[in-house]
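K.L.:
Chains as they are written, first to last, in our numbering: chain B, 6 to 260; chain Y, 537 to 737; chain H, 537 to 737.
Okay, handing you the structure first.
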Amino acid sequence: MIVRELELDLDAFEGPFDLLLTLVLKEELDLADVDVAGIVLRFVERLAERDELDLEACGEFLVLVAALLELKARGLFPEEEAELADLEPEEAAEELARRLAEYRRMKEAALWLRERLADERDRFFRLGPAPLAPQPERKLAPQDPEGLAQVLRLLAVAPPQVSLAHMTLHFPPVAQFLERFRALLRRRSIFDFDQEIDGLTRQEQAVAFLALLELRRANQITISQAAPFAPIRIARTEESGASDERTTAWKLRSA
Amino acid sequence: MEAPLRLVVANPLDRLARTLEALLVVTSAPLSLDELSAAAAEDSERVETALRLLAERYSEGRSGIVLERVAGGWAFRASRDAADACARLFERPVQRGLSQAGMETLAIVAYLGPCTRPEIARIRGVAADSAVAGLVERGLITEAGRGSDGAGGAVRYRVTALFERVFGLESLSQLPRLDDLGEDVDAIRERLHAVAAQRTA
Amino acid sequence: MEAPLRLVVANPLDRLARTLEALLVVTSAPLSLDELSAAAAEDSERVETALRLLAERYSEGRSGIVLERVAGGWAFRASRDAADACARLFERPVQRGLSQAGMETLAIVAYLGPCTRPEIARIRGVAADSAVAGLVERGLITEAGRGSDGAGGAVRYRVTALFERVFGLESLSQLPRLDDLGEDVDAIRERLHAVAAQRTA
């Protein structure tokens, strides 16, 4: 399966996945309007239509969707991200649970409203003026022109600046790990992934894992694991160190 | 549920009369006999009979709601006895000032005008359609040709003479100065656009 | 003029009831007890008594016009029996084609409002611009000033009286309690922990 040709039918976009990516990167499509869960759903559907698991496609898809989500998160909640990043893992989990609960409740409330509306289908009332009602003269009490100046002044007040300086710390570029792993592979043919990421933050571990998938996709490494949750072993392939163009692509994307 | 059912059978006109009451209380324009018959799914003769019945029930002195035959058909109106109360009711909205949306839109048009709805929307960060429509309806702003980008451009708006009267201004040059925002209209416009861009960033 | 005058004296509430009927038929929006008292120039206690009388007269099954308590006030509507006839003549454009996004946005504004578009987007995880614009156009939500983060803040939205009317709510307090809806934080936290435990097992 070629991930880039995945046909999508979303509210905001209809067409192949690679066109969506192009439009997003050219900023012709606002990522905020894109339902990423819808993309995942479509991919899983396509995957389910096949008999065997296409690991190659899964890897590529995971990388692309993770990048999309990261971009979307940054665009959608710049302030939120800063707040969450300051939280301890326990607090962050608590915050996540709180938000999920909030959204669940709103979905339930929307459902309640929809049912209520259906129940009220036979309720008719007048929206416009009464046919023979006197037409009220729409006079306005005298106004103070200073009020006009005041609202314009308020419109000219700049919103508080959100500092994005710390963001790079919490979202290290994938390229950083690509370089690190490649350097490591030049010295050693095999290394233990868990050892390498020991002591890193959760975000850094996640990005490191993305880098791993990227290397695997470029056929530069093989990944093996003796059992689920056992240490992940990384081994160099013959092609490693061949092409560096992927790195460039990642630098662009995570800048 | 026996009794009411018998009642309906005994006087089916009553049911039709209730349907007509409902139609007349919902409408915003007088309803013709044809419209009433079609909606009630009854022949117009029976509808006319029911209307006569209703006209008697809803008549001056008997009810505050009066059914009246007018040029376009039939409509409810308020009884003349209640004219004073109705007048007091309609006086009330007069006291109400302008909404925040209206005030912001008016200030933009007054200081930067003539300007288009897209520009107002950009500065406010919100679609300006209903605010503009409300101000046009109140006669505070009016259309002033199309945008500078030619005949195909968006409609531009400027404030009216009524605006000057309501705000007690002899001319727009009497608007309070905004030197703190910029030395001229262009500078103020630029500043507002810059802030708006920050807000949506 | 002897007889009707005696009638008024015999039951002075009747005259007030007729005034209220008139006030309710000339307006479309629900009228609060205060508005009715002010227009009728009567104290609110007497107005309330007269309204109870009218609510009985204008009730489902007895009349095609129904007096209901809605959106913090009183208003006439058509009886449900006449819904088919009304549907033949009138549209209910307010609720036609309300999307899932619109419904969720409406729920958020109804429960958490006044709130801004970024706040709605944070809860839904998708930009709320078009959903908000659609609801404003339908008259279900409206602007309510700007955010608390100062003058430059984003525009906030709240639901309108029309929202309460369309959904047949006396007030927003009739919405089901949020605590009773959806899973609570504890349940979700437990599920998160269960997933985490599986991973480290």
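Ideal placement from N, C-alpha and C gives every residue a C-beta, glycine not left out.
(1) Comparing the C-beta of B/ALA154 with each C-beta of chain Y, is any distance below 8 Å?
(2) How long is the line joining the alpha carbons of B/ARG128 and H/ARG616, rounded to whole angstroms?
(3) Is it buried or exposed for B/LEU73, if we count other Cβ within 10 angstroms and need 16 for buried?
(4) Tell me whether B/PRO21 sits in a helix, a strand or coil according to DSSP, three-state version.
(5) From the DSSP output, in three-state form, read off B/ASP149 for me.
(6) Between Y/SER666 and chain H, is any beta-carbon pair separated by less than 8 Å?
(7) For B/GLN230, count neighbouring C-beta atoms within 10 Å of its own C-beta (all shown protein chains included) and say buried if the count is 16 or more, exposed if not.
(8) Leaving aside the five residues before and after H/VAL583 along the sequence, list all residues of the same chain whose C-beta is less than 8 Å from its C-beta, in chain order.
(9) At the 8 Å Cβ level, is B/ALA17 part of the contact set with chain Y, yes or no?
(10) Among the candidates H/THR652, H/ARG613, H/LEU676, H/ALA619, whose CA atom is the shortest distance from the CA of H/ARG692?
(11) Are the Cβ atoms of B/ILE195 and B/ARG238 separated by less than 8 Å?
(12) Taking H/ALA663 and B/ASP38 to be in contact with their CB atoms under 8 Å, please state how far apart those CB atoms are, rounded to whole angstroms.
(13) Quick one: using the 10 Å Cβ neighbour count with 16 as the cut-off for buried, is B/ARG110 buried or exposed?
(14) Does the stretch 703-713 of chain Y come within contact of the stretch 139-159 of chain B, defined as at least 3 CB pairs closer than 8 Å?
(15) Kindly give me the distance between the Cβ atoms of B/GLU125 and H/PHE703, rounded to whole angstroms, as I take these residues to be in contact under 8 Å.
(16) Of the choices B/VAL179, B/LEU60, B/GLU107, whose alpha-carbon is the least far from that of H/ASP722?
(17) What first and last residue would you give for the beta strand (DSSP E) that runs through B/THR227?
(18) Any beta carbon of chain Y sitting closer than 8 Å to that of B/GLN148?
(19) Please tell me whether Y/GLY649 and Y/VAL606 are closer than 8 Å, where the distance is taken between their beta carbons.
(20) Kindly list, in the order they appear in chain Y, the residues whose Cβ is closer than 7 Å to that of H/GLU557.
(21) Buried or exposed: which applies to H/GLN636, given that a residue is buried once 16 or more other Cβ atoms fall within 10 Å of its Cβ?
(22) I'd like to know whether the C-beta atoms of H/ALA614 and H/GLY597 end up nearer to each other than 8 Å.
(23) Counting only Cβ pairs nearer than 7 Å, list the residues of chain B close to H/CYS622.
(24) Can you give, in chain order, each stretch of the beta strand (DSSP E) that sits fully within the stretch 585-653 of chain Y and has at least 3 residues?
(25) Relative to chain B, which residues along the stretch 702-714 of chain H have a C-beta separation below 9 Å, given in chain order?
(26) Under DSSP, the beta strand (DSSP E) around B/ASP197 begins and ends at which residues?
(27) Mind checking whether B/LEU132 and Y/ARG674 have CB atoms under 8 Å apart?
(28) Which value, in whole angstroms, describes the spacing of the CA atoms of Y/ALA591 and H/GLY608?
(29) Please go through the same chain and pick out, in chain order, the residues whose beta-carbon is closer than 6 Å to the beta-carbon of B/ILE269, but skip the five residues on each side of it.
(30) Kindly list the residues whose CB is nearer than 6 Å to the CB of H/LEU705, restricted to its own chain and excluding five residues on each side of it in sequence; keep chain order.
(31) Taking the CB atoms as reference points, tell me whether Y/ALA559 and H/ALA621 lie closer together than 8 Å.
(32) Can you grab the Cα-Cα spacing for the pair B/PHE198 / B/GLU10, in whole Å?
(33) Which of the three DSSP states is assigned to B/VAL167 in this structure?
(34) In angstroms, rounded to a whole number, what distance separates the CA positions of H/PHE626 and B/PHE130?
(35) With which residues is H/GLU706 paired in a DSSP beta bridge?
(36) Which residues in the same chain have their Cβ closer than 6 Å to the Cβ of B/ALA17, if we skip the five residues on either side of it in sequence?
P.N.:
Looking at the atomic coordinates:
(1) So, interface residue.
(2) For B/ARG128 and H/ARG616, the distance between alpha carbons rounds to 6 Å.
(3) Result: buried.
(4) Annotated three-state conformation of B/PRO21 is strand, per DSSP.
(5) DSSP places B/ASP149 in the coil class of the three-state scheme, outside both helix and strand.
(6) By this cut-off, Y/SER666 is an interface position.
(7) B/GLN230 is exposed by the Cβ-count criterion.
(8) Excluding sequence neighbours, H/VAL583 sits near LEU552, LEU556, LEU569, LEU572, SER573, ALA576.
(9) Taking Cβ atoms only, chain Y never reaches closer than 8 Å to B/ALA17, which makes this a no.
(10) That would be H/THR652, whose Cα lies nearest to the Cα of H/ARG692.
(11) Cβ atoms of B/ILE195 and B/ARG238: closer than 8 Å.
(12) With a Cβ gap of about 5 Å, H/ALA663 and B/ASP38 count as contacting.
(13) With a threshold of 16 other beta carbon atoms within 10 Å, B/ARG110 meets it and is buried.
(14) Enough Cβ pairs lie closer than 8 Å, so yes.
(15) Going by Cβ atoms, the distance from B/GLU125 to H/PHE703 rounds to 6 Å, so yes, they are a contact pair.
(16) It is B/GLU107 whose Cα lies nearest to the Cα of H/ASP722.
(17) Here the beta strand (DSSP E) through B/THR227 covers 226-230.
(18) True, the Cβ-Cβ gap to chain Y drops below 8 Å.
(19) Y/GLY649 places its beta carbon 8 Å or farther from that of Y/VAL606.
(20) In chain order: SER599, GLY600, ILE601.
(21) H/GLN636 comes out exposed.
(22) Going by C-beta atoms, H/ALA614 is not nearer than 8 Å to H/GLY597.
(23) Correct list: PHE129.
(24) List check, beta strand (DSSP E) in window: 601-606, 609-614.
(25) Those residues of the stretch 702-714 of chain H placed with their C-beta closer than 9 Å to a C-beta in chain B are VAL702, PHE703, GLY704, LEU705, LEU711, PRO712, LEU714, ordered along the chain.
(26) Taken as a continuous stretch (DSSP letters only), the beta strand (DSSP E) holding B/ASP197 covers 195-197.
(27) Taking 8 Å as the Cβ cut-off, B/LEU132 and Y/ARG674 do not qualify as a contacting pair.
(28) Cα to Cα, Y/ALA591 sits roughly 32 Å from H/GLY608.
(29) With chain B covering only 6 through 260, there is no way to say anything about residue 269 of chain B.
(30) Result list for H/LEU705: empty, nothing under 6 Å.
(31) Here residue 559 of chain Y is Leu; the residue named in the question, Ala, does not match the sequence. A contact, by the Cβ cut-off of 8 Å.
(32) Going from the Cα of B/PHE198 to the Cα of B/GLU10 covers about 32 Å.
(33) With a pLDDT of only 48 at B/VAL167, under the threshold of 50, the placement of this residue in the model should not be trusted; the figure read from the coordinates follows. Note: B/VAL167 maps to coil in three-state DSSP.
(34) Distance between the alpha carbons of H/PHE626 and B/PHE130: 10 Å.
(35) Paired residue(s): none; H/GLU706 is not in a bridge.
(36) Scanning its chain for C-beta atoms nearer than 6 Å, with the 5 sequence neighbours on each side dropped, one finds around B/ALA17 the residues ASP38, VAL39, in chain order.
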